[in-house]
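Peer 1: Okay, handing you the structure first.
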Amino acid sequence: MEMVTSFVYPPPPSILLNTMSVVGLVSLAKVGWSEVRGIHMKYSKFNNIKTSSPPQPQKRPLGSLSSRTGMLLLYTPAFLAAAASFFVVPSDDLRFLLLKSALALHFFKRIFEVLFIHKYSGEMAVDSALTITSSYFSSTALMLYSQNFTLGLTEPAFDLKSLGIAMFLVGIVGNLYHHVLLAKLRNEDGTKEYKIPKGGLFDTIVCPHYLFEILVFWSFFMVSQTIYSFSFAMGTTFYLVGRSYATRSWYLSKFDDFPKHIKALIPFVF
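Residue 484 in this note's numbering sits at position 85 of the sequence shown; the count goes up by one each step and never skips.
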C-alpha cells in the first residue's frame, strides 16, 4: 500500500468515485473481452456484420445514425465537460490545469478529425453510440471531480507530470498521424472499400491509432495520479486490446493476402 501511495493520491472520501473506479474498470474489461469473443460495439467495420435482413439503401434502419453524426455524439459531450471545467471549477493548481487542458485538447482533436479528416460511409448503432458517449462523458467528469479532491494534499512521492505531458504529446500526434493515413487510404481511388493500411506503424501492427490512444489515456493518469484516472486508463487499455484483436481477425478473414507478421497492437509481440 505504501508503494501504491508513492504513485497516486490517497483514495478520495467519495463513495461515488471509489465505486465507479471499480465499476468502470470491470465494465470496460468485459467489453474488451466481448470484442475478442466476436461480440462487437456496432460502429466502423463492425456495424453490419452478418445482417440477416436484406439491405435497404434508400432507407436508414431505425436505431442507426450516420457514422459522422455518431462520432460527433461520442466526443462532443466530453469536450464540453472538459471545456466547462475551466469555468465551473477554476483552480490555479498546475496539475489540475494540465488535466483540464489535456482532456479538452484530446476531445477537441477528435471532433476536428470527425469534421475534417475522417472519411465515413457507414452507420453506427444508436445503442453503441450512447454507451460510448456516456462512458467518455462520465469518465471525463469523474476524472476532473476526482482531481478536485487532491487540492491541498501532499503530492505523491513520484511526480509523473512531466512524463505524462511527454506521453500525451507523443500519443496525440501519433494518433492524428495514423488517422490521416487511414483517411487517405479510404479516399485514394474514390471507393468505399476497406484496404490493408500502409505506412507508419501500420506496417507492423493493425491498430497503431489505438496504441497511441492508449498512451493518451495513460498520460491522463500520469498528469493526475488519481485512482480513478488509473482505473479508466486500465479499462480503456483492456477495451482497445480486445478491439485490436478483433480488428486483426477481421482483416485476416477479409483479405487473403493480409501479411501474417503484422500484429494487432504491439509491434512484434501482440
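By construction, the Cβ of each residue, glycine as well, lies at the ideal position given by its N, Cα and C atoms.
Given the structure is predicted, the values throughout are model-derived calculations rather than measurements.
Since residue 470 is in the alpha helix (DSSP H), which residue starts that stretch and which ends it?
Peer 2: Counting from one through the sequence shown, the residue named residue 470 turns up at place 71. 466-487 is the extent of the alpha helix (DSSP H) around residue 470.
Peer 1: Cutting at 7 Å between CB atoms, please list the residues of its own chain near residue 532, excluding the five before and the five after it.
Peer 2: Translated into the one-based positions of the sequence shown, residue 532 becomes position 133. 472, 473 and 476, listed in sequence order.
Peer 1: In the structure shown, what three-state DSSP assignment does residue 646 receive?
Peer 2: Translated into positions along the sequence shown, residue 646 becomes position 247. Of the three classes helix, strand and coil, the one that applies to residue 646 here is helix, per DSSP.
Peer 1: Would you tell me roughly how many angstroms separate the C-alpha atoms of residue 657 and residue 558, rounded to the nearest one?
Peer 2: The residue given as residue 657 occupies position 258 in the sequence shown. The residue given as residue 558 occupies position 159 in the sequence shown. Straight-line Cα distance between these residues: approximately 43 Å.
Peer 1: Apply the 10 Å Cβ neighbour rule to residue 528 and answer buried if 16 or more other Cβ atoms are within range, or exposed otherwise.
Peer 2: Along the sequence shown, one-based indexing puts residue 528 at 129. Its Cβ being crowded by 16 or more others within 10 Å, residue 528 is buried.
Peer 1: At a cut of 8 Å, does the segment 564-579 reach the segment 623-638 through at least three beta carbon pairs?
Peer 2: Taking 8 Å as the limit for Cβ pairs, the verdict is that the segment 623-638 does not touch the segment 564-579.
Peer 1: Rank 645, 603, 523 and 496 by C-alpha distance to the C-alpha of residue 431 and give the top, closest one.
Peer 2: Numbered from 1 along the sequence shown, position 32 holds the residue referred to as residue 431. Checked all of 645, 603, 523 and 496; the closest Cα to residue 431 is 645.
Peer 1: Ignoring anything shorter than 4 residues or poking outside the segment 520-564, list the alpha helix (DSSP H) runs there in chain order.
Peer 2: If we require 4 residues or more, the alpha helix (DSSP H) runs fully inside the segment 520-564 come out as 525-547.
Peer 1: Less than 8 Å between C-beta atoms, sequence neighbours within five positions excluded: which residues of the same chain meet that for residue 605?
Peer 2: Residue numbering aside, residue 605 sits at position 206 when the sequence shown is read from its first letter. Excluding positions up to five away in sequence, the list reads 596, 643, 646, 647, 650, 661, 662, 663 and 664.
Peer 1: Excluding five sequence neighbours on each side, which residues of the same chain lie with their C-beta closer than 7 Å to the C-beta of residue 424?
Peer 2: Looking up residue 424 in the sequence shown gives position 25. Excluding positions up to five away in sequence, the list reads 630, 633 and 634.
Peer 1: Looking at C-alpha atoms only, which residue of 468, 482, 652 and 547 is the closest neighbour of residue 504?
Peer 2: The residue given as residue 504 occupies position 105 in the sequence shown. Out of 468, 482, 652 and 547, 482 has the C-alpha closest to the C-alpha of residue 504.
Peer 1: Mind checking which residues open and close the alpha helix (DSSP H) that includes residue 423?
Peer 2: Locating residue 423 in the sequence shown gives position 24, counting from the first residue. Residues 414-435.
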